[in-house]
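In what follows, a single structure is set out as structure tokens and then discussed.
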Amino acid sequence: MFNTLTQQPADKILALLALYRDDPRDTKIDLGVGVYKNAEGVTPIMRAVKEAERRWWDAEETKAYIGLAGDPQFSDVMINLVLADAVKRNQVAAVATPGGTGAVRQAFELIKMANPSARVFVSNPTWPNHLSILKHLNVEAVTYRYFDEATGGVDFDGMVEDLSGAQAGDVVLLHGCCHNPTGANLTLPQWQAVVDLMNSKGLIPMVDIAYQGFGDGVDEDAAATRLVASSCPETLIAASCSKNFGIYRERTGLLVAVSQDASAQATTQGNLAYLNRQNYSFPPDHGSRLVTLVLSDDALRADWLEELEATRLGMLSLRQQLANELRTLSNSDRFGFVAQHRGMFSRLGLSPEIVERLRADYAIYMVGDSRINVAGLNAQTVPVLARAIIEAGG
Ligand code: PMP
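Counting from 1, one number per residue, gives the positions in the sequence shown under the UniProt record's numbering.
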């Protein structure tokens, strides 16, 4: 049987990581990986998470199953974090999932179950896993223009034109904040225009929010998701706790479906639990327990918010420093978008040849599409990167 299998395409980012690991140069800089790193290059366990873990170690008395939807308290704290009071609680169905990826996967499965002919519109570019999961599930993906290579911003006219080609029942996948891989985001008035377009054409929004708190602030980063959920009749939301709680390997996420009314909510909730049952039965509990403990304890929550804010401001200041260095060295403002982008990533708009030259000649590793992880930099390496980009012909 196994001899019928064919090789799967290699994950480009993981392949890059292996190249980096094997590079003997001690000046090497890793801007490829998709995790937050502090100035020392460490992905820290957040203080409040560690404290919650200590408390839970003492308090936990059983590891018996909880429920197919996970602990309802986790859903509650996360719905509050993401949606605040944007929608009525009796319209919201939610299940815990293994990471944001689990939520994305379950959302796509729900779409397929509810409407097998729905297509999913995704930004060009998007997180590559969106495309590969859709392909795996045999759900048609249609790309819409998103990134404007010339300006480093959003090609909003192109986006609207392409979304106008969607049909009623199609799904529009949007990054709630901190777009991966570009770093370019819609303004709130642009979000409103997309909401109006989706409503006028009967399109269903799906918001992937994986970096809440990494862009402009915890509430600011959720503003677009809240706008969509409160303005559209139905919304799917895939939320990840990997980045903003730093619990990547605990696999913690939430899938939310906002329905039109309480009776649709009950059926949707049942279907989400059913999907969990088919795929992995009970979702993991440890990470979601930590999130619940942090968000429901005033002191832990305040400490988490403080550390998250410091993380966010650190990345913002690296962006500003990089934009300034590039302005000075290139004697132009053509990299000014780096300071406008938000989140961990920025697409620099460098050619694949320059990306390769940076790796070969300068030991600077970025993804082939010239996406950098800003958190892979520190105050010392920013000028090194800026100089290398200009010298390499960027
Ligand atoms: N969506 C986007 C856009 C992402 O960038 C990521 C993480 N790379 C995820 C979802 C899912 O992350 P995780 O499964 O680790 O929570």
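Ideal Cβ placement from N, Cα and C applies to all residues, glycine included.
Bear in mind that the values here come from a model prediction, so they are computed numbers and not experimental data.
Taking every residue with its beta carbon within less than 6 Å of a heavy atom belonging to the ligand PMP gives, in chain order, 34, 99, 100, 101, 104, 127, 175, 180, 208, 210, 240, 242, 248, 253. Cα atoms of residue 117 and residue 147: separation of roughly 27 Å, rounded to the nearest angstrom. For residue 318, no beta strand (DSSP E) segment is defined; the enclosing uninterrupted segment is the alpha helix (DSSP H) at 298 to 330. For residue 69, the closest C-alpha among the options 254, 245, 321 is that of 254. The residues 144, 145, 146, in chain order, have a CB closer than 6 Å to that of residue 159 in the same chain once the five nearest residues on each side in sequence are set aside. A contact between stretches requires three or more CB pairs, one per stretch, nearer than 8 Å, and the stretch 311 to 331 fails this requirement with the stretch 192 to 200.
Straight across, the Cα-Cα distance linking residue 360 with residue 1 is about 41 Å. Burial is judged here by how many other beta carbons sit within 10 angstroms of a residue's own beta carbon; residue 167 has fewer than 16 and is exposed. Per DSSP, the beta bridge partners of residue 148 are 153. The Cβ-Cβ distance between residue 178 and residue 342 falls below 8 Å. Each of 264, 165, 224, 176 was checked against the Cα of residue 201, and the nearest Cα belongs to 165.
By the beta-carbon neighbour count (other beta carbons within 10 angstroms, threshold 16), residue 7 is exposed.
Within 10 angstroms of the beta-carbon of residue 185 lie 16 or more other beta-carbons, which makes it buried.
Around the CB of residue 9, fewer than 16 other CB atoms lie within 10 Å, so the residue is classed as exposed.
In the three-state DSSP reduction, residue 371 falls in the strand class (E or B). The shortest CA-to-CA distance from residue 169 to any of 214, 115, 122 is the one to 115. By the CB criterion at 8 Å, residue 290 and residue 247 fall inside the cutoff. Of the residues assessed, residue 113 falls on the exposed side of the cut-off, its CB having fewer than 16 other CB atoms within 10 angstroms. By the C-beta density criterion, residue 57 is exposed, having fewer than 16 other C-beta atoms within 10 angstroms. With a minimum length of 4 residues, the unbroken runs of alpha helix (DSSP H) contained wholly in the stretch 72 to 155 fall at 72 to 83, 99 to 114, 128 to 136. Using a 10 angstroms sphere on the CB of residue 258, the tally of other CB atoms reaches 16 or more, which defines it as buried. Secondary structure at residue 42: coil, using DSSP grouped into helix, strand and coil.
Within the same chain, and ignoring the five residues on either side of residue 38 in sequence, the residues whose Cβ sits closer than 7 Å to its Cβ are 44. Linking residue 379 to residue 319 through their CA atoms gives a straight-line distance of about 10 Å. Between the C-alpha atoms of residue 132 and residue 204 there is a straight-line separation of about 21 Å. In the three-state DSSP reduction, residue 174 falls in the strand class (E or B).
Here residue 278 is exposed. Its C-beta has fewer than 16 other C-beta atoms within 10 Å. Listed in chain order, the alpha helix (DSSP H) runs fully inside the stretch 206 to 288 are 218 to 231, 262 to 279, counting runs of at least 4 residues. Shown here for residue 230: same chain residues with a beta carbon closer than 8 Å to its own, the five before and five after excluded, namely 86, 87 in chain order. The C-beta of residue 98 has 16 or more other C-beta atoms within 10 Å across all chains shown, which makes the residue buried.
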